[in-house]
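Okay, so here's the structure we're looking at.
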Amino acid sequence: MTINCMLAGVGGQGTVLASKLIAQSAMNQGLNARTAETIGMAQRGGCVVSHVRVGEEIHSPMIPVGEADLILGFEPAEAVRCLPYLKKDGAVVVSKKAIRPVTASLGGHYDGDDMLSYLKDHVKHLIVVDGEAICNQCGSAKVLNVALLGAACGAGLLGISEKELEETIQKRLPQRFIEMNTKALHAGVLAAQGGTDR
Numbered sequence: 002m003t004i005n006c007m008l009a010g011v012g013g014q015g016t017v018l019a020s021k022l023i024a025q026s027a028m029n030q031g032l033n034a035r036t037a038e039t040i041g042m043a044q045r046g047g048c049v050v051s052h053v054r055v056g057e058e059i060h061s062p063m064i065p066v067g068e069a070d071l072i073l074g075f076e077p078a079e080a081v082r083c084l085p086y087l088k089k090d091g092a093v094v095v096s097k098k099a100i101r102p103v104t105a106s107l108g109g110h111y112d113g114d115d116m117l118s119y120l121k122d123h124v125k126h127l128i129v130v131d132g133e134a135i136c137n138q139c140g141s142a143k144v145l146n147v148a149l150l151g152a153a154c155g156a157g158l159l160g161i162s163e164k165e166l167e168e169t170i171q172k173r174l175p176q177r178f179i180e181m182n183t184k185a186l187h188a189g190v191l192a193a194q195g196g197t198d199r
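Whatever position you read off the sequence shown (first residue = 1), add 1 for the working numbering.
Structure representation (structure tokens):
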């Protein structure tokens, strides 16, 4: 079985790290994992999309259009942007907090609600996570990536258990970041159990 997961966010949100945590957790189980990133022009604020493919036999790191089992949306508009990649019966886990794009400062308006409404209308299996609340609870905005991984884990969408992901976090992250990321992981799991799934 192959699991195709696309992570969509903006620069500075930890999208690439999240993809590496998924891949490492899968490899720890003896599975093959391939990853690839497309990164926008700006280091912070530009689009970042990571492809993660996990399974026994994976030949390409890129997920074909219409083949993603899961989209992890670090930001609502970025999740919408990647919807063409989602399978018909695929799932989306998205943070409800919008990040104001550069274009909004030029006179446009964007608060994310329209994007969340669009996702609710077009995605059968949708989990909306209050990522900002989890980050506040954990004391850092930098744990959103792990909170979303926790939500995907809690919903059984990653093919990786909470324990396996926690072990990877303990091995891969610097000691000073382990406690808050572990807390974010568990909070994400809990959020998925009370999330929106239609």
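Glycine included, C-beta positions come from ideal geometry on N, C-alpha and C.
1) Identify every residue that forms a DSSP beta bridge with residue 7.
2) My output table needs one value for residue 168: the three-state DSSP class, helix, strand or coil.
3) What are the boundary residues of the alpha helix (DSSP H) that includes residue 121?
4) To the nearest angstrom, report how far apart residue 186 and residue 31 are at their CA atoms.
5) To the nearest whole angstrom, what separates the beta carbons of residue 72 and residue 116, a pair I think is in contact under 8 Å?
6) Do residue 64 and residue 159 have their C-beta atoms closer together than 8 Å?
7) Alpha carbon to alpha carbon, how far is residue 127 from residue 60? Give it in angstroms, no decimals.
8) Which residues bound the alpha helix (DSSP H) around residue 155?
9) Are the region 144 to 152 and the region 173 to 186 touching by the rule of at least three beta carbon pairs closer than 8 Å?
10) Below 7 Å CB to CB, which residues in the same chain sit around residue 43 once its five sequence neighbours on both sides are set aside?
11) Which two residues bound the contiguous alpha helix (DSSP H) that contains residue 78?
12) Residue 94 to residue 130, Cα distance in whole Å?
13) Looking at the unbroken alpha helix (DSSP H) that takes in residue 60, where does it start and where does it end?
14) Compare the C-alpha of residue 79 against each of 18, 51 and 152 and name the closest.
15) Counting C-beta neighbours from all protein chains within 10 Å, is the total for residue 184 16 or more, i.e. buried, or is it exposed?
16) Please report the straight-line C-alpha distance between residue 91 and residue 26, rounded to a whole angstrom.
In short, the structure shows the following:
1) Position 6 of the sequence shown, counted from the start, is the residue given in the question as residue 7. For residue 7, which the question treats as bridged, DSSP gives the partners 52 and 72.
2) Walking along the sequence shown from the start, residue 168 turns up at place 167. Here residue 168 sits in helix by DSSP.
3) The residue you call residue 121 lines up with position 120 of the sequence shown. In the DSSP assignment, residue 121 falls within the unbroken alpha helix (DSSP H) covering 114 to 123.
4) Walking along the sequence shown from the start, residue 186 turns up at place 185. Walking along the sequence shown from the start, residue 31 turns up at place 30. Looking at the two C-alpha atoms, the distance is approximately 22 Å.
5) Here residue 72 refers to the residue found at position 71 of the sequence shown. Here residue 116 refers to the residue found at position 115 of the sequence shown. Wrong, their Cβ atoms sit about 13 Å apart, outside the cutoff.
6) Within the sequence shown, numbered from 1, the residue matching residue 64 stands at position 63. Within the sequence shown, numbered from 1, the residue matching residue 159 stands at position 158. Contact flag unset, no.
7) Here residue 60 is taken as the residue at index 59 of the sequence shown, counted from 1. Here residue 127 is taken as the residue at index 126 of the sequence shown, counted from 1. The straight-line gap from Cα to Cα measures roughly 29 Å.
8) The residue labelled residue 155 in the question sits at position 154 within the sequence shown. Segment 145 to 155, the alpha helix (DSSP H) holding residue 155.
9) Two segments are said to touch when three or more pairs of C-beta atoms, one from each, lie closer than 8 Å; by this definition the region 144 to 152 touches the region 173 to 186.
10) Taking the sequence shown and counting its residues from 1, the one referred to as residue 43 is at position 42. Residue confidence for residue 43 is low, a pLDDT of 49 falling below 50, so the modelled location carries little weight; the figure read from the coordinates is stated next. Excluding positions up to five away in sequence, the list reads 12.
11) Translated into positions along the sequence shown, residue 78 becomes position 77. Its alpha helix (DSSP H) spans residues 77 to 82.
12) Along the sequence shown, one-based indexing puts residue 94 at 93. Along the sequence shown, one-based indexing puts residue 130 at 129. A direct Cα-to-Cα measurement between residue 94 and residue 130 gives close to 7 Å.
13) Translated into the one-based positions of the sequence shown, residue 60 becomes position 59. Taken as a continuous stretch (DSSP letters only), residue 60 belongs to no alpha helix (DSSP H), as it is neither H nor E.
14) Locating residue 79 in the sequence shown gives position 78, counting from the first residue. In terms of CA proximity to residue 79, 51 leads the group 18, 51 and 152.
15) Residue mapping note: residue 184 aligns to position 183 of the sequence shown, counting from 1. Residue 184 comes out buried.
16) Against the sequence shown, residue 91 aligns to sequence position 90. Against the sequence shown, residue 26 aligns to sequence position 25. Roughly 21 Å separates the two Cα atoms.
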